[in-house]
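Chemist: For the record, the sequence lines run as chains A and B. Counted from 1, the first sequence has number 343 at position 343 by full-length UniProt numbering; the numbering is strictly sequential. Counted from 1, the second sequence has number 156 at position 156 by full-length UniProt numbering; the numbering is strictly sequential. Note that CB positions come from ideal geometry on N, CA and C, so glycine has one too. Mind looking over this structure? Questions follow.
2 protein chains.
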Amino acid sequence: MHGLMQDRALSLAMLMDGIEGRFGHKSVVTTELHRTTVATYREVAQRVRKLAGVLDDLGVPRGARVASFGWNSQRHLELYMAVPCANRILHTVNHRLFADDVVYLINDAADDVVFVDRSIFEVVWPLLDRCPTVRHVVVADDGPAAPLPCDPRIHDYESLLASAAAVESFTVADERDAAALCYTSGTTGRPKGVLYDHRSVILHAMSLLMVDSFGICEADTVMPIVPMFHVNAWGLPYAALMSGANLVMPGPATAPDRLVATMATHHVTFAAAVPTIWQSAIPHLHRADLGALRRLVSGGGALPVSLSETYLEALGLPLTSSWGMTETSPLVCSARTPSDDAGLSERERLMGLTIPGPPTPLCGLRLIGDDGAEVPRDGRSSGELQVSGPTIAGAYFGSAATNSAFTDDGWLRTGDVATIDPRGFMRIVDRTKDLIKSGGEWISSVELENEIMAMAGIAEAAVVAAPSVEWGERPLACVVAHHGVDVTADDVRTHLRGRVAKWWIPEDVVFLDALPKTATGKFAKAVLRTSLTRSSEAR
Amino acid sequence: MHGLMQDRALSLAMLMDGIEGRFGHKSVVTTELHRTTVATYREVAQRVRKLAGVLDDLGVPRGARVASFGWNSQRHLELYMAVPCANRILHTVNHRLFADDVVYLINDAADDVVFVDRSIFEVVWPLLDRCPTVRHVVVADDGPAAPLPCDPRIHDYESLLASAAAVESFTVADERDAAALCYTSGTTGRPKGVLYDHRSVILHAMSLLMVDSFGICEADTVMPIVPMFHVNAWGLPYAALMSGANLVMPGPATAPDRLVATMATHHVTFAAAVPTIWQSAIPHLHRADLGALRRLVSGGGALPVSLSETYLEALGLPLTSSWGMTETSPLVCSARTPSDDAGLSERERLMGLTIPGPPTPLCGLRLIGDDGAEVPRDGRSSGELQVSGPTIAGAYFGSAATNSAFTDDGWLRTGDVATIDPRGFMRIVDRTKDLIKSGGEWISSVELENEIMAMAGIAEAAVVAAPSVEWGERPLACVVAHHGVDVTADDVRTHLRGRVAKWWIPEDVVFLDALPKTATGKFAKAVLRTSLTRSSEAR
């Protein structure tokens, strides 16, 4: 027998009433390079309605993908709301990807329109000739810049907005309708799309408002430092709109000194970023009054205890860990101190805040051992971490979609090896996937190896992750040259230039006589990691 | 285009993993009259699985209604979980209703099994001969009591549990499947059922975990004083299970001194009750150490500022208001101080906490004027409060179901007249429905009038709500006797005895020569309220 509650789709359109009404006075601050803009939520809502009208004016079909290349800004927030509320799908793209990958993503998603910040335009524009589905390019002016090329496809964001009619009513009839698309490079091979639906976005935002996760609330001023092209900026913009928290958007002003100054100036209470950013901000902490802060979240990579401790000492506030993936909306686990912490020392409490911690209520976790059986949650036994829930991907989008990341019973295989203690606190202990996480971004060691081995004179190459204080991990290339051939590290780096993204290129290239192999003939990367990376640890 | 997130039904079965796993060590305390029981969540979960087996053993069909007559207790919590997780519907019944109403409710719901606490058995058992659908009566021993009658329908809760097989796996395939049924007397006429689905129960529990509503979290010890037969005890048991908070169940030990002592003994951090209970507890507050408390919630009736102030003075913690109905799961609004409260005096802040406050994120509010148009949310204009959302009833269950409480576009008409200020803070200012709310329970003035007018010698009767410090409101009967007939207040009360529930009977009966009438000939109750109830205000 069905219940008799109202049939209301969970959708982003539900948030409009709040930002136009009771949170209409709350604000979005955007720091650009040479100016700071402020708008109230009510103003943002009016622009969201007009932006929806722009999509109609441009003839963007319902269900079409709308790409965004942008910094964290009020305008990007407008896209976050307008595109899904107007029944299109927002495809956020990382403009720092290798050019060929950007072209691949746009074509794979068959983006109809591209929205791009003026400061990124030069990166994106040259690629669009190879993207036949893109009919329009809408440029948002984010500071002084050279004039735009003369091309009928190019439009100015504000001019379109000025001439558009506001869409009065948003209707998302089916909460399973797609809202946003984000590709993940967190697996080997071509990037695969994660297609979020309105339901998952709303449930995820609700999770972020809970005390035991991020506890975002009306009294907060939230600064998403994590880019808006990364998994919906961890859902923070939606959580802020849902709760009525103020938003502070750092725009292109992402230099560490600017970030710290922005946090101080705008009385930020909650900020979230990858460990690399937090590491880089340390020298600037003492110059600012950060007394409004209540919570700093680190995600997208392992959080070193020493890094969290530095913040505890400098600000009286530790960095706290969280864990998720593009495939998981992303928040699955967030660190907290268990309530029965009487027996914990200060140091143990700090260490506890640097592991991912327990899951949010709707996420299921399990550990699967090599034998396919579930591993006990005893805090010691490890297994592959698998995740389930309505905010977790069940399949990939796009031509590279495969099912290998999903189990027969529909759980996501994360590729991380973890332990879970009896109170549900999760800790990542290893990785099954052959990947390097540098500054919160994935680098595929397999792709690097293939490029290096394609070089004349190279017999074998294996790339492993070496610990890095600044980036979390950096690639270390272990190379075997053909006998008698003289190859240098610079030769390898020169070869890679133009073949992979600049930040993929390894600083360290080690030449060996032979690579250790496993019994089945694969490169024994575990051996390489153990024997070679120790000397890099102080880097 | 549909998103590609996992297809996971929002259901109470999702909570099992938490209470068996990461919250397995958390506890449920039940204070009975002469003993206190404690169980861990892990133990409760095991009993929930066996209780599901009991339903199978008794041959209760899927989708059938299972009635509960019980105090707030661990066993009632087991029913809260086992019945919906095992695909039956839990029908909680208020045993303090008038006997005829109880019979009506059981027959209207066609309850298959009745679970009843031993201390309530004598109230329920005599009625069951008139309830042909009830095949089994399961009695839970909650303290010393006389032996039970010898009847094959009667079973002992613990004996059934001991012999049942645990159900290993719970599957709720469709989140719209009904989970619980609660009848409301909040309207005139026969009680109507509100049929909650798994989806609404989960979304509602998520709302209770948010900072800006109740903020229930793992560190809490939650005491639902509000009875479990009232709108799922305001969803608090489910919120506690979802967050891992400890639960303290007052059982039949509901005397004010016992409640206060229980809060102190078990370090309760969060408690919720109707204003009448909070009023009655005042004399006992000074005798206990209530230092663990962080939040006291009042709901189910207007919260007087003076009552909240008394708590602020005694405990340093004000009572905070909340608002909802059986039809709304119930939480719609909960009081909080807005973040921009710099200009507020201490007194204004306190007063702000005694109005219902802003809605939770998934609830939509609007005010509709007499002309059917929406009334501005300016904090002054009033209109009928209407509510929408996935946790709000869209129709009634049962033979008395009508559509008059729902608008054509599917909103619930609450029958309350309210204002909403620009920041979304809602305040109830009047009631369109002809009802009296006494101690958190509805009394139908129309039914009382009909019964009084059915009495020999009575010409006319109107019943209005008179303010009461103890009960919030009490019925005041205004009676016109036929010319020359001598009727006393005692006669009226004697007449009502046996015809309505004992607590409906008015203490005050006023005799008038005639009742004031409106232009259309209806009793002018507003006039009666204004002219007659002022003298009762100090009551």
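Might you give, ordered along the chain, the residues of its own chain that have their beta carbon closer than 6 angstroms to the beta carbon of MET455 (chain A), omitting 5 neighbours on each side?
Modeler: Here residue 455 (chain A) corresponds to residue number 455 of the first sequence, with the count starting at 1. Same-chain partners within the cutoff: HIS495.
Chemist: Report the residues of the region 358-392 of chain B with a CB closer than 7 angstroms to any CB of chain A, ordered along the chain.
Modeler: Of all residues in the region 358-392 of chain B, PRO358, PRO361, LEU362, GLY364, ARG377, SER388, GLY389, PRO390, THR391, ILE392 have a Cβ within less than 7 angstroms of some Cβ in chain A.
Chemist: Which residues mark the beginning and the end of the alpha helix (DSSP H) in which LEU312 (chain B) is found?
Modeler: Sequence index remark: in the second sequence, residue 312 (chain B) carries index 312 (1-based). It spans 305-315 - the alpha helix (DSSP H) in which LEU312 (chain B) sits, taken as one unbroken run.
Chemist: Which residues in the same chain have their Cβ closer than 6 angstroms to the Cβ of GLU537 (chain A), if we skip the five residues on either side of it in sequence?
Modeler: As a working mapping, residue 537 (chain A) is identified with position 537 in the first sequence. Only weak support exists for where GLU537 (chain A) lies, its pLDDT of 40 falling under 50; the value from the coordinates is given anyway. Excluding sequence neighbours, GLU537 (chain A) sits near PRO467.
Chemist: Taking a contact to mean a Cβ-Cβ separation below 8 angstroms, would you say PRO304 (chain A) touches PRO283 (chain A) in this structure?
Modeler: Residue 304 (chain A) sits at position 304 when you count from the first residue of the first sequence. Residue 283 (chain A) sits at position 283 when you count from the first residue of the first sequence. Contact: no.
Chemist: Rounded to whole angstroms, how far is the Cβ of LYS192 (chain A) from the Cβ of TYR396 (chain A), which I believe are closer than 8 angstroms?
Modeler: Stepping through the first sequence from its first residue, residue 192 (chain A) is reached at position 192. Stepping through the first sequence from its first residue, residue 396 (chain A) is reached at position 396. About 4 angstroms separates the two Cβ atoms, so the contact holds.
Chemist: State the DSSP-derived secondary structure class of GLU20 (chain B), mapped to helix, strand or coil.
Modeler: In the second sequence, counting from the first residue as 1, residue 20 (chain B) sits at position 20. Looking at GLU20 (chain B) - three-state DSSP - the assignment turns out to be helix.
Chemist: Can you check whether the CB of ASN72 (chain A) is closer than 8 angstroms to the CB of PRO250 (chain A)?
Modeler: Translated into the one-based positions of the first sequence, residue 250 (chain A) becomes position 250. Translated into the one-based positions of the first sequence, residue 72 (chain A) becomes position 72. Yes; because the gap between Cβ atoms is below 8 angstroms, this pair is in contact.
Chemist: Quick one: residues in its chain with C-beta nearer than 8 angstroms to the C-beta of SER535 (chain B), no 5 flanking neighbours on either side, listed in chain order?
Modeler: Residue mapping note: residue 535 (chain B) aligns to position 535 of the second sequence, counting from 1. Because the pLDDT of SER535 (chain B) is 46, which lies under 50, any placement of that residue in the model is unreliable, and the question is left without a value.
Chemist: Classify PHE511 (chain B): buried if its beta carbon has 16 or more other beta carbons within 10 angstroms, exposed otherwise.
Modeler: As a working note, residue 511 (chain B) is residue 511 in the second sequence. Classification of PHE511 (chain B): exposed, given that the 10 Å Cβ count is below 16.
Chemist: Relative to chain A, which residues along the region 241-263 of chain B have a C-beta separation below 7 angstroms, given in chain order?
Modeler: Those residues of the region 241-263 of chain B that come within reach of chain A (Cβ to Cβ, closer than 7 angstroms) are MET242, SER243.
Chemist: Distance, Cα to Cα, VAL487 (chain A) vs ALA462 (chain A)?
Modeler: Counting from 1 along the first sequence, the entry for residue 487 (chain A) is found at position 487. Counting from 1 along the first sequence, the entry for residue 462 (chain A) is found at position 462. When rounded, the distance between both Cα atoms is 16 angstroms.
Chemist: Would DSSP call TRP471 (chain A) helix, strand or coil?
Modeler: Within the first sequence, the letter at position 471 stands for residue 471 (chain A). Coil, per DSSP.
Chemist: What residues match up with GLU384 (chain A) in a beta bridge as DSSP calls it?
Modeler: Within the first sequence, the letter at position 384 stands for residue 384 (chain A). Paired residues: A:ILE368, A:VAL417.
Chemist: Going by the DSSP bridge assignment, what does ASP156 (chain B) pair with across the sheet?
Modeler: By one-based count along the second sequence, residue 156 (chain B) stands at place 156. The partner list for ASP156 (chain B) (beta bridge, DSSP) reads B:VAL139.
Chemist: Need the endpoints of the beta strand (DSSP E) that CYS333 (chain A) sits in, please.
Modeler: Looking up residue 333 (chain A) in the first sequence gives position 333. Start and end: 331-334.
Chemist: Mapping the DSSP letters down to three states, classify MET206 (chain B) as helix, strand or coil.
Modeler: Translated into positions along the second sequence, residue 206 (chain B) becomes position 206. The answer is helix: DSSP assigns MET206 (chain B) an H, G or I state.
Chemist: Span of the alpha helix (DSSP H) holding PHE121 (chain A)?
Modeler: Counting from one through the first sequence, the residue named residue 121 (chain A) turns up at place 121. Unbroken alpha helix (DSSP H) run through PHE121 (chain A): 121-124.
Chemist: For PHE397 (chain B), which residues in chain A fall below 8 angstroms Cβ to Cβ?
Modeler: Looking up residue 397 (chain B) in the second sequence gives position 397. Chain A residues near PHE397 (chain B): LEU4.
Chemist: Can you check whether the C-beta of ARG539 (chain A) is within less than 8 angstroms of a C-beta belonging to chain B?
Modeler: In the first sequence, counting from the first residue as 1, residue 539 (chain A) sits at position 539. Residue placement at ARG539 (chain A) is flagged as unreliable, the pLDDT there being 35, under the threshold of 50; the coordinate-derived value follows with that caveat. Closer than 8 angstroms: no.
Chemist: Hey, does ARG47 (chain B) have any beta-carbon neighbour from chain A nearer than 8 angstroms?
Modeler: Locating residue 47 (chain B) in the second sequence gives position 47, where the first residue counts as 1. ARG47 (chain B) does not count as touching chain A.
Chemist: Name, please, each residue of chain B whose Cβ falls closer than 7 angstroms to the Cβ of CYS217 (chain A).
Modeler: In the first sequence, the residue the question calls residue 217 (chain A) occupies position 217. Result: VAL211, ASP212.
Chemist: Please name the residue or residues paired with GLU374 (chain A) in a DSSP beta bridge.
Modeler: Residue 374 (chain A) sits at position 374 when you count from the first residue of the first sequence. DSSP output for GLU374 (chain A) lists A:ILE368 as bridge partner(s).
Chemist: My parser needs the beta strand (DSSP E) runs of 3 or more residues fully inside the region 202-277 of chain A; what are they?
Modeler: Counting only runs of 3 or more, we get 221-224, 246-249, 270-273.
Chemist: If I follow the unbroken alpha helix (DSSP H) through ARG75 (chain B), where does it start and stop?
Modeler: Looking up residue 75 (chain B) in the second sequence gives position 75. Where ARG75 (chain B) is concerned, the enclosing alpha helix (DSSP H) stretches over 74-85.
Chemist: Run the CB neighbour count on SER334 (chain B), radius 10 Å, all protein chains shown included, and call it buried at 16 or more, exposed below.
Modeler: Position 334 of the second sequence, counted from the first residue, corresponds to residue 334 (chain B). Looking at its Cβ environment, which holds 16 or more other Cβ atoms inside 10 Å, SER334 (chain B) is buried.
Chemist: On the three-pair Cβ rule with 8 angstroms, is the region 42-53 of chain A touching the region 82-99 of chain A?
Modeler: Yes, since at least three Cβ pairs between the region 42-53 of chain A and the region 82-99 of chain A fall closer than 8 angstroms, the two stretches touch.
Chemist: Given this structure, state the Cα-to-Cα distance separating LEU317 (chain B) from THR414 (chain B), to the nearest angstrom.
Modeler: Counted from its first residue, the second sequence places residue 317 (chain B) at position 317. Counted from its first residue, the second sequence places residue 414 (chain B) at position 414. Between LEU317 (chain B) and THR414 (chain B), the C-alpha separation is close to 30 angstroms.
Chemist: Excluding sequence positions up to five away, which residues of its chain have a Cβ less than 7 angstroms from the Cβ of SER445 (chain B)?
Modeler: Numbered from 1 along the second sequence, position 445 holds the residue referred to as residue 445 (chain B). If we look at SER445 (chain B) and ignore the five residues flanking it on each side, its Cβ neighbours are ASP434, LEU435, ILE436, VAL463, VAL464, PRO475.
Chemist: Does the beta-carbon of HIS286 (chain A) have 16 or more other beta-carbons within 10 angstroms, so that it is buried, or is it exposed?
Modeler: Position 286 of the first sequence holds residue 286 (chain A). The residue in question, HIS286 (chain A), is exposed, as its Cβ has fewer than 16 Cβ neighbours within 10 Å.
Chemist: Along chain A, which residues have their Cβ under 8 angstroms away from the Cβ of ALA39 (chain B)?
Modeler: Locating residue 39 (chain B) in the second sequence gives position 39, where the first residue counts as 1. Those do not exist, as ALA39 (chain B) stays about 17 angstroms from chain A at its closest Cβ, beyond 8 angstroms.
Chemist: Compute the beta-carbon to beta-carbon distance between GLY364 (chain B) and VAL387 (chain B), rounded to the nearest angstrom, for a pair I have assumed lies under 8 angstroms.
Modeler: Counting from 1 along the second sequence, the entry for residue 364 (chain B) is found at position 364. Counting from 1 along the second sequence, the entry for residue 387 (chain B) is found at position 387. Yes, GLY364 (chain B) and VAL387 (chain B) are in contact; Cβ-Cβ is about 7 angstroms, under 8 angstroms.
Chemist: With respect to the alpha helix (DSSP H) encompassing MET453 (chain A), which residues constitute its N-terminal and C-terminal limits?
Modeler: Counting from 1 along the first sequence, the entry for residue 453 (chain A) is found at position 453. From DSSP, the alpha helix (DSSP H) with MET453 (chain A) extends over 445-453.
Chemist: Would you decide whether GLY484 (chain B) is buried or exposed? Buried here means 16 or more other CB atoms lie within 10 Å of its CB.
Modeler: By 1-based counting over the second sequence, the position of residue 484 (chain B) is 484. Exposed is the call here.
Chemist: Opposite PHE406 (chain A) in the DSSP bridges: which residues?
Modeler: Here the question's residue 406 (chain A) lines up with position 406 in the first sequence. According to DSSP, PHE406 (chain A) bridges with A:LEU412.
Chemist: Who are the near neighbours of GLY53 (chain B) in its chain, counting only those whose CB is closer than 8 angstroms to its CB and skipping five residues on each side?
Modeler: Residue mapping note: residue 53 (chain B) aligns to position 53 of the second sequence, counting from 1. Closer than 8 angstroms at Cβ, skipping near neighbours: ALA164, ALA165, ALA166, VAL167.
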